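Encoded as structure tokens, the structure appears first; notes follow it.
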Amino acid sequence: MTRVQDFRTGDTPLPDIVILTHRLAREYDMGGEIVRALRGVDLQIRRNEYVAIMGPSGSGKSTLMNLIGCLDTPTTGEYWLNGQQVSDLPDDALARIRNKEIGFVFQTFNLLPRASALHNVELPLIYAGQHARQRRAHAAEALRRVGLGDRMEHRPNELSGGQRQRVAIARALVNQPSILLADEPTGNLDSATSQEIMGVFAELHRQGQTVVMVTHEADIAAHAARVVTLRDGVIAADQQKAA
Amino acid sequence: MGLGQIRVQKLKSVFSLIGVFIAVTFLIGAWSIVNGMNTYMTDKFAGTLVGVNTFHLRKRPNFTPNVTDSTWRSWARRPRITFSDADAVVKGITVPVLTAWASDDRGDVEAGTKKVTQVSLTGATADYFAIRNIKIEQGRAFSPQEDRAGAAVVVLGYDLADRLFEKRDPLDRVVRIHGIPYRVIGVAASRGNLFGISLDKFVVAPALSPIQREVNPPGVIDALMVQAGSEPEMRAAMDQAEAIMRSRRHLRPRQDDNFALETSEGVLDFWAKINRILMAVGPGLVLISLVVGGIVIMNIMLMAVAERTREIGLRKSLGARRRDILRQFLAEATTIATVGAILGIGAGIFLSIILNVATPLPATVAPGSILLGVVLGGGVGIVAGVYPATRAARLDPIAALRQE
Chain Z
242 MTRVQDFRTG
252 DTPLPDIVIL
262 THRLAREYDM
272 GGEIVRALRG
282 VDLQIRRNEY
292 VAIMGPSGSG
302 KSTLMNLIGC
312 LDTPTTGEYW
322 LNGQQVSDLP
332 DDALARIRNK
342 EIGFVFQTFN
352 LLPRASALHN
362 VELPLIYAGQ
372 HARQRRAHAA
382 EALRRVGLGD
392 RMEHRPNELS
402 GGQRQRVAIA
412 RALVNQPSIL
422 LADEPTGNLD
432 SATSQEIMGV
442 FAELHRQGQT
452 VVMVTHEADI
462 AAHAARVVTL
472 RDGVIAADQQ
482 KAA
Chain L
13 MGLGQIRVQK
23 LKSVFSLIGV
33 FIAVTFLIGA
43 WSIVNGMNTY
53 MTDKFAGTLV
63 GVNTFHLRKR
73 PNFTPNVTDS
83 TWRSWARRPR
93 ITFSDADAVV
103 KGITVPVLTA
113 WASDDRGDVE
123 AGTKKVTQVS
133 LTGATADYFA
143 IRNIKIEQGR
153 AFSPQEDRAG
163 AAVVVLGYDL
173 ADRLFEKRDP
183 LDRVVRIHGI
193 PYRVIGVAAS
203 RGNLFGISLD
213 KFVVAPALSP
223 IQREVNPPGV
233 IDALMVQAGS
243 EPEMRAAMDQ
253 AEAIMRSRRH
263 LRPRQDDNFA
273 LETSEGVLDF
283 WAKINRILMA
293 VGPGLVLISL
303 VVGGIVIMNI
313 MLMAVAERTR
323 EIGLRKSLGA
333 RRRDILRQFL
343 AEATTIATVG
353 AILGIGAGIF
363 LSIILNVATP
373 LPATVAPGSI
383 LLGVVLGGGV
393 GIVAGVYPAT
403 RAARLDPIAA
413 LRQE
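Chains as they are written, first to last, in my numbering: chain Z, 242 to 484; chain L, 13 to 416.
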């Protein structure tokens, strides 16, 4: 289960490795002082893994998430996503990758308040260039998948917190991404609803989805099959849950 | 929360488009006045005052304002047009024309106990009515015999007849001008008004009748009117008249005319001058409004971008490229501006209708102005939106997503 590829610069990742980072580092220039948020991370995540990334404030987990999600590019090191090196792509190319390969789920849902659930889920498809009829069909399908088939025309303010997060998850899934990338997905939910949402992730994982979750809560991370712990910009621990 | 948001958005949208709205309203309204005036001047005004294919022989031009003092004084020194001048010109023109003498002044007209002041008094010859296109509704104009004899008969204007005689038949009644009685032989049909001034408050009597003393010193007329059948014939007649007068006045080739031959062109020239000024100032005002409108739109869009930073970050995280965000905000700015322009067109049309009905100003909407309004509106939207849209497109998604 833990066949880690021995990766060197010049290699390409094995086909079933969705995420591979090699000496991934990110530095920021904060008014003269250099902050090294990530100091060389080697991470490999296979297809259909369920991984939680944990760490305290300042550990670099947000930075790692942004890099994995192609919202940012590393200062040094390589990032291979689904067999393609994306570490030094230009903005427009990254946007395309985000659209096709990454499904974001945020702590604060980030839904458009004045649009229906259906239109919210359609957004990634709009940027993918799909035509209206196709879009609606795919979006409706995604909403049904998360159990909101009967709430498609509702606005976010007409939905509960749990339902809003489901809409966000449907939106993340609609373009069939390689990875579902969730940032504290239950941070704004009560414990009952949190369990509900964790259930959704579990079901999606069971259906074959690769899930990467960033969290600082240990009991949420416990839902994942593997927990990667960051500290001070490097991986401090990488543990598979016992079967 | 939802309804409140919408109301706030509507208010912002209203503010955004006000500049463009005002600019386009003004554009349509002002242009419609100019347009209406143009038609009015050429069709009605010039035709009514001077007549179609007509020129007037006068001592000095009647319809040219804004001349220098020295010009005015030199005009005043000119000799007047005399009866014999008029006779000579009439005899000498070979082109088929209608001619009429005309002398004008203002005075009071009485009938019985009623008196009307500030009436236009005219002493004219028989063809005056035809040249000025004055139709006689009741009775008749004077005959050539009455003309030659200088009989004390008059034709009354429609309004004047109404005011002096009300429902009674004016024909064969007597009016007095300066105590002298004249018999009413005809009443003219209503001619309407010119810029709100009635054209129906006049009397016309034969030039050689006692009215001559009211309007001019003896032997002198204000104008000889000559009407030809076509423009080229009029020009030919004008040339002949000029030659005759120059010869009578013993003018040498290098000397200017010491008389005036005035056509409706003179009147139109005056309007053309005003037109040029309006055309210079008008677009300037429109432009200023549009610039202000554009700045307003730009500022409100900048506010919108700041408020929607999170949303922009989200869209980028879902795969929106810079140009997608650019297009989105540019479209919003253009829509606001175009809606403002369309509302401005509606308001401008409404304004022009009101002006037409409520004021003497004639206003007709020019179709070109509508098209220009839409184009300008859209254009302002695009130009004003470029900066905010670019700012939006350049936002860093990570920072944007962190925004409150």
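For each residue, glycine too, the CB sits at the ideal point set by N, CA and C. For clarity, every value in this text was computed on a predicted model and none was experimentally measured.
Cβ of residue i within 8 Å of any chain L Cβ
{"i": "R249(Z)", "result": "no"}
{"i": "D329(Z)", "result": "no"}
{"i": "R339(Z)", "result": "yes"}
{"i": "N289(Z)", "result": "no"}
{"i": "N429(Z)", "result": "no"}
{"i": "N307(Z)", "result": "yes"}
Neighbouring residues, chain Z, relative to residue i (Cβ below 7 Å)
{"i": "A332(L)", "result": "A336 and Y368"}
According to DSSP, residues forming a beta bridge with residue i
{"i": "S132(L)", "result": "R118(L) and F214(L)"}
{"i": "T66(L)", "result": "Q239(L)"}
{"i": "N205(L)", "result": "S210(L)"}
{"i": "Q326(Z)", "result": "W321(Z)"}
{"i": "E274(L)", "result": "H68(L)"}
{"i": "T470(Z)", "result": "M295(Z) and A478(Z)"}
{"i": "I189(L)", "result": "I192(L)"}
{"i": "W113(L)", "result": "L236(L)"}
{"i": "H263(Z)", "result": "E319(Z)"}
{"i": "K127(L)", "result": "E122(L)"}
{"i": "F154(L)", "result": "According to DSSP, F154(L) bridges with nothing at all."}
{"i": "Y269(Z)", "result": "V276(Z)"}
{"i": "A200(L)", "result": "I148(L)"}
{"i": "V46(L)", "result": "Looking at the DSSP assignment, V46(L) forms no beta bridge with any residue, so it has no partner."}
{"i": "M454(Z)", "result": "A293(Z) and A423(Z)"}
Where residue i meets chain L, residues with beta-carbon distance less than 7 Å
{"i": "L312(Z)", "result": "S329, P409 and I410"}
Closer than 9 Å at the beta carbon, the chain Z residues around residue i
{"i": "L326(L)", "result": "F345, F347, N351, L352, L353 and L364"}
{"i": "D336(L)", "result": "A336, I367 and Y368"}
Contact with chain A by residue i, beta-carbon distance below 8 Å
{"i": "R405(Z)", "result": "No chain A appears in this structure, whose protein chains are Z and L."}
CB contact below 8 Å: residue i versus chain Z
{"i": "R458(L)", "result": "Nothing can be reported for residue 458(L): it is not among the residues displayed for chain L, which extend from 13 to 416."}
{"i": "E319(L)", "result": "no"}
{"i": "E344(L)", "result": "no"}
{"i": "R322(L)", "result": "yes"}
{"i": "G14(L)", "result": "With a pLDDT of 40 at G14(L), under the threshold of 50, the modelled position of this residue cannot be trusted; read the value that follows with caution. Yes, its Cβ sits closer than 8 Å to a Cβ of chain Z."}
Contacts of residue i in chain L (Cβ-Cβ under 8 Å)
{"i": "D332(Z)", "result": "R333 and R334"}
Contact test: residue i Cβ vs the ligand COA heavy atom, cutoff 7 Å
{"i": "I286(Z)", "result": "Ligands are entirely absent from the displayed structure, and the ligand COA is therefore not among its contents."}
Margin query: Pairs of beta-carbons, one from the segment 340 to 351 of chain Z and one from the segment 313 to 321 of chain Z, closer than 8 Å: are there three or more?
Written below: no
Note to self: Would you call the segment 297 to 308 of chain L in contact with the segment 294 to 308 of chain Z, where contact means no fewer than 3 C-beta pairs closer than 8 Å?
What the structure shows: Contact fails: fewer than three Cβ-Cβ distances are below 8 Å.
Check: What beta strand (DSSP E) runs, 3 residues minimum, are completely inside the segment 272 to 307 of chain Z?
Finding: If we require 3 residues or more, the beta strand (DSSP E) runs fully inside the segment 272 to 307 of chain Z come out as 274 to 287 and 291 to 295.
Next item on the list: Tell me, please, whether the segment 56 to 74 of chain L touches the segment 334 to 352 of chain L by the rule of three or more beta-carbon pairs shorter than 8 Å.
Entry: no
Next item on the list: Report yes or no: do three or more beta-carbon pairs, one from the segment 202 to 212 of chain L and one from the segment 104 to 113 of chain L, lie closer than 8 Å?
Entry: no
Next item on the list: Determine contact between the segment 31 to 46 of chain L and the segment 236 to 248 of chain L, defined as no fewer than three beta-carbon pairs at a distance below 8 Å.
Entry: no
Check: For the 8 Å Cβ check, are there 3 or more pairs between the segment 359 to 377 of chain L and the segment 278 to 293 of chain L?
Finding: no
Next item on the list: Could you tell me which uninterrupted beta strand (DSSP E) segments, each at least 3 residues in length, are contained entirely in the segment 380 to 431 of chain Z, listed from first to last along the chain?
Entry: 420 to 424
Notebook entry, point to check: So, do the segment 177 to 196 of chain L and the segment 111 to 122 of chain L have three or more beta carbon pairs nearer to each other than 8 Å?
Noted result: Contact annotation: the segment 177 to 196 of chain L touches the segment 111 to 122 of chain L, with at least three C-beta pairs closer than 8 Å.
Check: So, do the segment 383 to 398 of chain L and the segment 314 to 327 of chain L have three or more beta carbon pairs nearer to each other than 8 Å?
Finding: no
Note to self: As an exercise, report each continuous alpha helix (DSSP H) stretch of at least 4 residues that is fully enclosed by the segment 239 to 320 of chain L, in chain order.
What the structure shows: Listed in chain order, the complete alpha helix (DSSP H) runs (minimum 4 residues) inside the segment 239 to 320 of chain L are 243 to 260 and 276 to 319.
Next item on the list: Specify whether the segment 133 to 144 of chain L and the segment 156 to 168 of chain L touch according to this definition: at least 3 beta carbon pairs, one from each stretch, less than 8 Å apart.
Entry: yes
Notebook entry, point to check: Are three or more beta carbon pairs between the segment 392 to 403 of chain Z and the segment 355 to 366 of chain Z nearer than 8 Å?
Noted result: yes
Margin query: Quick check for students: name the residue ranges of the alpha helix (DSSP H) that lie wholly in the segment 341 to 379 of chain L, counting only runs of 4 or more.
Written below: Runs found: none.
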